[in-house]
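>
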Amino acid sequence: GAVVSQHPSRVICKSGTSVKIECRSLDFQATTMFWYRQFPKQSLMLMATSNEGSKATYEQGVEKDKFLINHASLTLSTLTVTSAHPEDSSFYICSASQGRRETQYFGPGTRLLVL
Amino acid sequence: AQKVTQAQTEISVVEKEDVTLDCVYETRDTTYYLFWYKQPPSGELVFLIRRNSFDEQNEISGRYSWNFQKSTSSFNFTITASQVVDSAVYFCALSGTGSGGSYIPTFGRGTSLIVHP
Chain A
15 GAVVSQHPSR
25 VICKSGTSVK
35 IECRSLDFQA
45 TTMFWYRQFP
55 KQSLMLMATS
65 NEGSKATYEQ
75 GVEKDKFLIN
85 HASLTLSTLT
95 VTSAHPEDSS
105 FYICSASQGR
115 RETQYFGPGT
125 RLLVL
Chain Z
138 AQKVTQAQTE
148 ISVVEKEDVT
158 LDCVYETRDT
168 TYYLFWYKQP
178 PSGELVFLIR
188 RNSFDEQNEI
198 SGRYSWNFQK
208 STSSFNFTIT
218 ASQVVDSAVY
228 FCALSGTGSG
238 GSYIPTFGRG
248 TSLIVHP
């Protein structure tokens, strides 16, 4: 149980384009989903928290107009990197939990490379 | 504010050795959760354990064991008879329980474990 998927697993795009990453909880309803960014050999940096049906809460320093998050259902959250630049290249990981106090289960991550 | 310190950046052992990964935390919350996650080279974080601050009993799961010492604010992780497949980055994390404290986990910087055959 507690399986979270992400799609795509890898994406290469040109600078200026937008990229959408999907995060799905496959066998449970995720009232809360989290989006993290991880640079090589570093820890996870929380970008935002999203609750189903409401606006995401962004961490300080994260541009909400650049990283659009939608949590439209209890099993799906999407992160759209708008007008991507090379510095946005990173490993993006989502996690999902059945409630704010519940354990987070992580997806396999998406490696984004912006050329 | 919450803080998790994993002082060991990288540990290298030979297969079958026992290895302990250290985790020291700071929090003002009276109740909190502690976690360990494993991140193999593929990148996915694998949940290993969640421990409530009320429960100081040590836990063993196969070759894995965890030592929670509230007095020293530590939650160390030991792998017995390590195997090559244990090679990964291990993250310790801390969160409040949501009752007045943040439920958002704070992650340590991770310890890279390399197990040589």
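These protein sequence lines are chains A and Z, in that order. First residue of the first sequence? That's 15 in my numbering, and the numbers climb one at a time after it. First residue of the second sequence? That's 138 in my numbering, and the numbers climb one at a time after it. Just so you know, even glycine gets a beta-carbon here, dropped at the ideal spot from N, CA and C. This one's a predicted model, so the numbers in the text were calculated from it and none came from an experiment.
1) Can you tell me whether DSSP reads T209/Z as helix, strand or coil?
2) Between the C-alpha atoms of S23/A and W49/A, what's the straight-line distance to the nearest angstrom?
3) Would I35/A and A62/A be called neighbours here (beta carbons separated by less than 7 Å)?
4) Please state whether the Cβ-Cβ distance between K175/Z and A230/Z is less than 7 Å.
5) What does G199/Z reach in chain A if we use C-beta pairs closer than 8 Å?
6) Name the two residues that bound the continuous beta strand (DSSP E) containing G233/Z.
7) Drop a sphere of 10 angstroms on the beta-carbon of I216/Z, count the other beta-carbons inside from all chains shown, and report buried for 16 or more, exposed for fewer.
8) Could you tell me if H285/Z is buried or exposed, where buried requires 16 or more neighbouring beta carbons within 10 angstroms of its beta carbon?
9) Measure the C-alpha to C-alpha separation of V18/A and F120/A and round it to an integer number of angstroms.
10) Checking the sheet assignment: what are the DSSP bridge partners for N195/Z?
11) Using a Cβ-Cβ cutoff of less than 6 Å, which residues in the same chain neighbour F214/Z once the five nearest sequence positions on both sides are dropped?
12) Identify the contact partners of I107/A in chain Z, using a Cβ-Cβ distance below 7 Å as the criterion.
13) Please name the residues in the segment 110-122 of chain A whose beta-carbon is closer than 8 Å to at least one beta-carbon of chain Z, in chain order.
14) V150/Z and S219/Z: beta carbons closer than 7 Å?
15) From the DSSP secondary-structure annotation, give me the bridge partner or partners of I241/Z.
16) Among the residues of its own chain, which have a CB less than 6 Å from the CB of L58/A, if the five just before and after it don't count?
17) According to DSSP, V156/Z sits in a beta bridge with which residue or residues?
18) Run through chain A and tell me which residues come within less than 8 Å of G187/Z, C-beta to C-beta.
19) Assuming Q20/A and P122/A are in contact, meaning their beta carbons sit under 8 Å apart, how far apart are those beta carbons, in whole angstroms?
20) Which of the residues in the segment 67-85 of chain A, read from start to end, lie with their CB under 8 Å from any CB of chain Z?
In terms of the structure at hand:
1) Residue state, collapsed to three classes: helix.
2) Roughly 15 Å separates the two Cα atoms.
3) In this structure, I35/A sits away from A62/A, with a CB-CB distance that is not shorter than 7 Å.
4) Taking C-beta atoms as the reference points, K175/Z and A230/Z fail to come closer than 7 Å.
5) Result: empty, since nearest Cβ-Cβ is about 19 Å, beyond 8 Å.
6) Per DSSP, G233/Z belongs to the beta strand (DSSP E) from A225 to G233.
7) Buried, since its Cβ has 16 or more Cβ neighbours within 10 Å.
8) The structure shown does not extend to residue 285/Z, since chain Z is modelled only from 138 to 254, so the question has no answer here.
9) Each residue's CA atom was taken as its position, placing V18/A and F120/A some 6 Å apart.
10) None; N195/Z has no bridge partner.
11) Apart from the 5 residues on each side of it in sequence, F214/Z sits with its Cβ closer than 6 Å to the Cβ of L158, W173 and W203 in its chain, given in chain order.
12) In chain order: L182.
13) Contacts with chain Z (Cβ-Cβ distance below 8 Å) from the segment 110-122 of chain A involve R114, R115, T117, Q118, Y119, F120, G121 and P122, listed in chain order.
14) Against a cut-off of 7 Å, the Cβ pair of S219/Z and V150/Z comes out as a contact.
15) None, per the DSSP bridge assignment.
16) Short of 6 Å from the beta carbon of L58/A, and not among the five residues preceding or following it, lie these beta carbons of its own chain, in chain order: Y50 and Q52.
17) Answer by DSSP bridge pairing, in chain order: I216/Z.
18) Before going further, note that residue 187/Z is Arg rather than Gly in the sequence given. Chain A residues near R187/Z: T117.
19) Rounded, the Cβ-Cβ distance is 5 Å, consistent with contact.
20) Within the segment 67-85 of chain A, no residue places its CB atom closer than 8 Å to a CB of chain Z.
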